[in-house]
Amino acid sequence: MRERIESHANRKIKLATSLHARRGREKANCFLVEGLRLAEMAAESHWQTEYALFTQAFAQKARGARLLERLEARCPLYEVDEGCFKKVAATDSPQGIALVMRAQHQSLDAHSVRRKESLYIVLDGVQDPGNVGTIIRTADAAGADGVICLCGTADLFGDKTMRSTMGSLFHLPIFTEVTTEALMEFCTAHGIALCAAALDPAAKPLFDPLFQRACAIVLGNEGNGISETILQEAAHVFIPMYGRAESLNVATSAAILLYEAVRQRNYNHSAQQR
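Numbering (my numbering), first residue to last: 1 to 274.
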């Protein structure tokens with residue numbers, strides 16, 4: 001179904017605009033996906049689309065027309081003028097397509113661990129949306145089994161987080177608002193070791209064989225690090241730095257640790273086969 005919205009005061013425009021604020025997202029249990037590539041990935045996923053907003057210019061492009069044909073089978077489509085779309089868009093140069101999606105909240109309690117040597121990333125109060133989105137994207141690329149966001153971590157469905165995931169949100173189990181106690185219970189129940197990225201005398205360099213078993217790599221808040229409760233229960237690991245830099249960005253640290261885990265597991269698997 002395709003219709004045209006003429007008024008900027010239309011309730012669907014108001015709802016889409018309200019989703020830029022966390023309060024609006026929580027009230028509607030929806031979030032906004034903006035841009036061609038993200039919308040294409042959303043359309044290929046099992047996530048529910050409430051409706052799509054598009055401009056005439058977007059519909060006239062071949063790739064845009066193909067996307068709208070796919071979306072037509074799953075949700076109502078509403079054409080809006082350029083001025084109306086700019087009111088909805090969060091980007092400075094909008095591409096003319098935005099989806100209002102139903103938020104999914106996955107439960108760690110109900111999660112089924114799919115393999116013996118599982119690999120998770122835990123975000124303990126990581127607050128920058130760009131860092132959170134980038135870590136989710138990297139975890140997806142590295143083949144991790146999921147991302148566990150503890151309470152205090154940036155909103156998964158915020159505009160900047162969403163764009164930074166580059167669609168990996170739709171590929172990977174992501175658990176939000178998880179308590180430290182729930183994390184501990186999950187790891188204990190499934191034999192998953194906690195590995196905390198920390199700079200202290202007890203920490204081992206990441207090249208030690210820490211990641212060959214099922215593990216959850218914990219990264220902390222950009223300013224305050226990892227909570228003391230988790231530090232007391234986790235093995236500590238650090239990334240050696242050979243230059244004069246004082247520290248690494250948390251998303252960069254996540255990438256290094258994830259791919260070291262991949263290296264250790266692939267090397268271990270290859271060595272066992274020889």
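Note that beta-carbon positions come from the ideal geometry of N, C-alpha and C, so glycine has one too. Since the model is a prediction, treat every value here as computed from it, not as a measurement.
How should residue i be labelled, buried or exposed, when 16 other C-beta atoms within 10 angstroms of its C-beta is the threshold for buried?
i      : result
Leu19  : buried
Cys30  : buried
Arg25  : buried
Ser164 : buried
Gly125 : buried
Cys151 : exposed
Glu40  : buried
Asn266 : exposed
Pro240 : exposed
Thr188 : exposed
Thr229 : exposed
Pro201 : exposed
Met1   : exposed
Phe207 : exposed
Gly64  : buried
Alpha carbon to alpha carbon, what distance is there between residue j and residue i?
i      : j      : result
Asn10  : Tyr51  : 14 Å
Lys116 : Ala142 : 17 Å
Arg274 : Gly96  : Note that Arg274 scores a pLDDT of 39, beneath 50, so its modelled location is shaky and nothing firm can be said.
Leu15  : Lys27  : 10 Å
Gln60  : Val250 : 41 Å
Ala103 : Leu36  : 19 Å
Ile5   : Glu79  : 6 Å
Phe238 : Ile121 : 15 Å
Ala271 : Ala261 : Here Ala271 scores only 43 on pLDDT, less than 50, and its place in the model should not be relied on; the value that follows carries that caveat. Approximately 15 Å, taken between the alpha carbons.
Ala216 : Cys195 : 6 Å
Tyr242 : Ala193 : 28 Å
Leu183 : Ile174 : 13 Å
Ser7   : Arg22  : 25 Å
Gly191 : Met166 : 31 Å
Phe58  : Leu38  : 14 Å
Arg66  : His46  : 18 Å
Ala245 : Ala197 : 17 Å
Asp159 : Lys86  : 15 Å
Gln106 : Leu156 : 12 Å
Would you mind working out which of the options sits nearest residue i, comparing C-alpha positions?
i      : options                           : result
Pro209 : Gly125, Cys84, Gln264 and Val147  : Gln264
Ile256 : Thr134, His46 and Gln56           : Thr134
Thr153 : Pro94, Thr49, Thr179 and Phe170   : Thr179
Thr276 : Cys75, Arg137, Leu194 and Ala57   : Any answer about residue 276 is impossible in this case: the structure gives the chain only from 1 up to 274.
Glu3   : Asp81, Val33 and Thr91            : Asp81
Glu185 : Asp140, Phe170, Gly220 and Ala110 : Ala110
Met101 : Gln127, Leu169, Cys151 and Arg63  : Leu169
Leu123 : Ser7, Pro94, Ala62 and Ile226     : Ile226
Ser253 : Phe54, Glu69, Leu199 and Thr188   : Leu199
Gly223 : Glu233, Leu248 and Arg213         : Leu248
Gly146 : Ala42, Asn221, Leu172 and Ala90   : Leu172
Could you spell out where the alpha helix (DSSP H) holding residue i opens and where it closes?
i      : result
Glu3   : Careful: Glu3 lies outside any alpha helix (DSSP H), inside the beta strand (DSSP E) at Arg2 to Arg4.
Glu50  : First-last for Glu50: Thr49 to Phe54, but that is the beta strand (DSSP E), not the alpha helix (DSSP H).
Cys84  : Glu82 to Val88
Ala28  : Arg22 to Ala28
His236 : Looking at the DSSP string, His236 is not in any alpha helix (DSSP H); the run it does join, the beta strand (DSSP E), is Ala235 to Phe238.
Arg213 : It is not in any alpha helix (DSSP H) - Arg213 carries neither H nor E in the DSSP assignment.
Arg11  : Arg11 to Ser18
Met41  : Leu36 to Glu44
Val113 : Neither: Val113 is in no alpha helix (DSSP H) and is coded neither H nor E.
Ala193 : Careful: Ala193 lies outside any alpha helix (DSSP H), inside the beta strand (DSSP E) at Ala193 to Ala197.
Met162 : Asp159 to Thr165
Leu67  : Ala62 to Glu72
Asp140 : Pro129 to Ala141
Could one say the Cβ of residue i lies closer than 7 Å to chain B's Cβ atoms, at least one of them?
i    : result
Glu6 : In the structure shown, chain B cannot be found, because there is only a single protein chain.
Going by DSSP, what residue range makes up the beta strand (DSSP E) through residue i?
i      : result
Asp124 : Leu119 to Asp124
Gly146 : Gly146 to Leu150
Ile174 : Ile174 to Val178
Ala98  : Ile97 to Arg102
Glu79  : Leu77 to Glu79
Please check the pair residue i and residue j, which I expect to be a contact at CB under 8 Å, by giving their CB distance rounded to whole angstroms.
i      : j      : result
Leu108 : Ile148 : 7 Å
Ala144 : Leu258 : 6 Å
Leu77  : Val33  : Actually they do not touch by this definition, with Cβ atoms about 14 Å apart.
Val113 : Ile13  : 43 Å between Cβ atoms; not a contact.
Ala203 : His236 : 4 Å
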